[in-house]
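Chemist: Mind having a look at this structure? Questions to follow.
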Amino acid sequence: MRIVLIHPNYHSGGAEIAGNWPPAWVAYLSGFLKAEGFTDITFIDAMTHHLTHDQVRERLVALQPDVIGATAITPAIYEAESVLKLAKETCPDAVTVLGGIHGTFMYPQVLAEAPWIDVVVRGEGEQVLTDLVRCIDEGRWPAERDRVKGIAFADGNGKVVATPACPPIKEVDRIVADWGILDWSKYIYIPMNTKVAIPNLARGCPFTCSFCSQWKFWRDYRVRDPRKVVDEIEDLVRNHGVGFFILADEEPTIHKKKFVEFCEALIERNLPVLWGINTRVTDILRDEALLPLYRKAGLIHISLGTEAAAQLKLDRFNKETTVAQNKKAIQLLRQNGIVAEAQFIVGLENETPETLEETYRMALDWNPDMANWAMYTPWPFNDLFKELGDKVEVFDFSKYNFVTPIMKPDAMDRATLLDRTMHNYRRFYLRKTFLGYPWIRDKVKRKYMLGCLWAFAKSGFQRTFYDLGKVGYWGPQSKKNVDFHFDESRTLTTEAARAPHNAMWKTMHRPKVKLPAANAGADARACGGGTEQLEESRTADVRACGGGADQLSEAQMDAVIAAQRAPRERAPLQGD
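Per my numbering, the sequence shown starts with residue 7, numbered consecutively.
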């Protein structure tokens, strides 16, 4: 059984300006497959190597695989479909497989527009793909494909079939990544000029925000043994030359006890590696006394979901944080030698030049080390997408990349929105160039920040930052010539539009842990979500993921994890 896994050649000019990111998905899939006896696996990283379709075709002709799989986040879906089309043309007897978050929820549309895709793997892929490969290897495909849990396929009569969901893997420490499958010479983090990795500490999230997809995709929140994660990082450092890593978790500090244990284990190993995370403002405030420990463990960079400068926008995002809290968290990080990056979401329909200017003024007041202005991107499989209704005019998913204005503000056109956003970037980083980074006393942090500045400068010179070269933006004078190249032929079918909001996919989340009775009577809000989310905790004021003074205690978090691992008595999860 020969398996080929392909990472599609999609580029957006977003996060990749900092370097080439190693596709962690293939390492975890490959490790699980090999542990189950399927060892003939080849990885083609078309993205990192900028491979053309002809070059991919040449590799496939030489390999003649039995199974060809590709993954796709939303903006990469069309390229993934295209590469699987050429795969089917080149190896017609091979089974073509699509995985990833977009196919998980948008499989009705994917299978309709790309009939050459034989099967979509939905959700967590390790067990599902292994079961699928075993079905093929044993000659039971396609006759018994409906017995493989967690997949979707077209039955040949125009009907799309989604099998019952495969339960999430309870013991995530069973998954041992095969990092050796990657060509590590290509995965360089530009700010430090070193190899970079993206391991994970946990999967999913215990909260259920309406604007987030982490909990929806992973379905359960499961934390790995922190020391085994450090074992993995030591392997990356010692055997693959990794000098920087970023935890893939959306918010690795959610479980405070596990995160502290992780940091303590890193300190014990004394590994020559620095690292970064994304997390919540409220966790930084909660962990003020622990920040020196985090820095000692090598944590150098924290990106904070501050989201918006105006309190009105924070309230709209249900962040449940205040502007003062954001400023305080940034100050704490900087005082402890940790790079503080503020994330701003711009480009909603009520955006104006004045609100964009406000975010810049707020950035000056907060004085983070870095600031990032990301375009609001409404994922088509989240509840907020439906709530936006006809305000979403662009269904060209290749542009859903955080750098292209998907939403059109009422008060200005998209080109002006881009221009004002670039104006913020120019001013902010020009100040940092002359008044900030060169004067940082901490040598490690100063070197890191100057490296980040170099990454920005390099992408700006190459016109890759924010896709500026592709859209034709050269400054305010070029606004009239800016073209985002939306494919207006792309639409969202009625069936696909309904799919994210019906019962096609159920999570394994149990009712949320109640906070003390002192909070009785308050609205239940988990991670910015609405009151409909915590059915058995409506009287508890659960404010996590970005908000409120109340956080889950260590005992409550342990209870959440214990509940996830407990046996469940419920009907099988159905695909539809």
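Glycine is no exception: its CB is placed at the ideal position from the N, C-alpha and C atoms.
Among all the DSSP beta bridges, which residues are the ones paired with histidine 261?
Modeler: DSSP output for histidine 261 lists no bridge partner at all.
Chemist: Within the same chain, show all residues whose beta-carbon is closer than 7 Å to that of glutamine 133, passing over the 5 residues directly before and after it, in chain order.
Modeler: Cys172 and Ile175
Chemist: Is the CB-CB distance between glutamate 85 and alanine 120 below 8 Å?
Modeler: Not in contact: glutamate 85 and alanine 120 (Cβ atoms no closer than 8 Å).
Chemist: Could you please give the first and the last residue of the uninterrupted alpha helix (DSSP H) stretch that includes valine 236?
Modeler: Here the alpha helix (DSSP H) through valine 236 covers 232-246.
Chemist: Taking only three categories from DSSP, how would you classify methionine 53?
Modeler: It is coil, neither helix nor strand.
Chemist: Below 8 Å, how does it come out for the stretch 181-193 and the stretch 156-165: are there three or more Cβ pairs, yes or no?
Modeler: no
Chemist: What first and last residue would you give for the beta strand (DSSP E) that runs through leucine 104?
Modeler: 101-105
Chemist: What distance in whole Å lies between the Cβ atoms of isoleucine 239 and valine 279, which are believed to be in contact at a cut-off of 8 Å?
Modeler: 7 Å
Chemist: Roughly how many angstroms lie between the CA atoms of arginine 63 and proline 14, to the nearest whole one?
Modeler: 13 Å
Chemist: When you compare the CB positions of alanine 100 and valine 73, do they come within less than 8 Å of one another, or not?
Modeler: Closer than 8 Å, so yes.
Chemist: From which residue to which residue does the beta strand (DSSP E) around asparagine 284 run?
Modeler: 280-285
Chemist: Under a three-way DSSP split, which group does leucine 498 fall into?
Modeler: coil
Chemist: Suppose you measure from the CA of threonine 422 to the CA of threonine 383; what does that come to, to the nearest Å?
Modeler: 17 Å
Chemist: What does the alpha-carbon distance come out to for the pair arginine 244 and asparagine 276?
Modeler: Between arginine 244 and asparagine 276, the C-alpha separation is close to 12 Å.
Chemist: Taking the DSSP output, what are the residues bridged to leucine 201?
Modeler: The sequence shown places lysine at residue 201, rather than the leucine named in the question. In DSSP, lysine 201 forms a bridge with Ile194 and Val248.
Chemist: Along the chain, where does the alpha helix (DSSP H) containing histidine 429 start, and where does it finish?
Modeler: 420-437
Chemist: Could you pull out every unbroken beta strand (DSSP E) segment of at least 3 residues lying fully inside the stretch 8-46, listed in chain order?
Modeler: 9-13
Chemist: Assess contact between the stretch 407-425 and the stretch 355-362, defined as three or more Cβ pairs (one per stretch) separated by less than 8 Å. Is contact present?
Modeler: yes
Chemist: Measure the alpha-carbon distance for proline 386 versus threonine 136 and round it to whole angstroms.
Modeler: 28 Å
Chemist: Do you know whose CA, among Arg286, Arg209, Tyr454 and Gly106, lies nearest glutamine 331's CA?
Modeler: Arg286
Chemist: In angstroms, rounded to a whole number, what distance separates the CA positions of tyrosine 479 and glycine 37?
Modeler: Answer to the nearest angstrom: the Cα atoms are 43 Å apart.
Chemist: Would you say the stretch 27-42 touches the stretch 108-124, given that touching needs at least three Cβ pairs under 8 Å?
Modeler: no
Chemist: Tell me the DSSP secondary structure of alanine 463 in three-state form.
Modeler: helix
Chemist: Drop a sphere of 10 angstroms on the beta-carbon of glutamate 130, count the other beta-carbons inside from all chains shown, and report buried for 16 or more, exposed for fewer.
Modeler: buried
Chemist: Among Thr259, Glu267 and Asn430, which residue has its Cα nearest to the Cα of glycine 282?
Modeler: Thr259
Chemist: When we look at the beta-carbon of serine 219 and count the other beta-carbons within 10 Å, is it buried (16 or more) or exposed?
Modeler: The residue in question, serine 219, is buried, as its Cβ has 16 or more Cβ neighbours within 10 Å.
Chemist: What is the rounded straight-line gap between the Cα of glutamine 139 and the Cα of phenylalanine 111?
Modeler: A small correction: the amino acid at residue 139 is valine; glutamine does not occupy that position in the sequence shown. Roughly 22 Å between the two C-alpha positions.
Chemist: From arginine 367 to valine 409, what distance separates their C-alpha atoms?
Modeler: 21 Å
Chemist: On the CB-based measure, 16 or more other CB atoms within 10 Å of its CB, does histidine 307 come out buried or exposed?
Modeler: buried
Chemist: Just curious, the beta strand (DSSP E) that glutamate 347 is in, first and last residue?
Modeler: 345-352
Chemist: Closer than 8 Å is the cut-off here; do at least three beta carbon pairs connect the stretch 45-54 with the stretch 14-30?
Modeler: yes
Chemist: I need the straight-line Cα distance from asparagine 199 to phenylalanine 467, nearest angstrom please.
Modeler: 18 Å
Chemist: Count the other C-beta atoms from every protein chain shown that fall within 10 angstroms of the C-beta of phenylalanine 440, then say buried if there are 16 or more, exposed otherwise.
Modeler: exposed
Chemist: Please go through the same chain and pick out, in chain order, the residues whose beta-carbon is closer than 7 Å to the beta-carbon of alanine 346, but skip the five residues on each side of it.
Modeler: Counting only Cβ-Cβ distances below 7 Å, and skipping sequence neighbours, we find Ile308, Leu310, Ile336, Leu339, Arg340, Pro374 and Asp375.
Chemist: Which residues bound the alpha helix (DSSP H) around methionine 368?
Modeler: 359-372
Chemist: Which class does histidine 307 belong to by DSSP, given the choice of helix, strand or coil?
Modeler: strand
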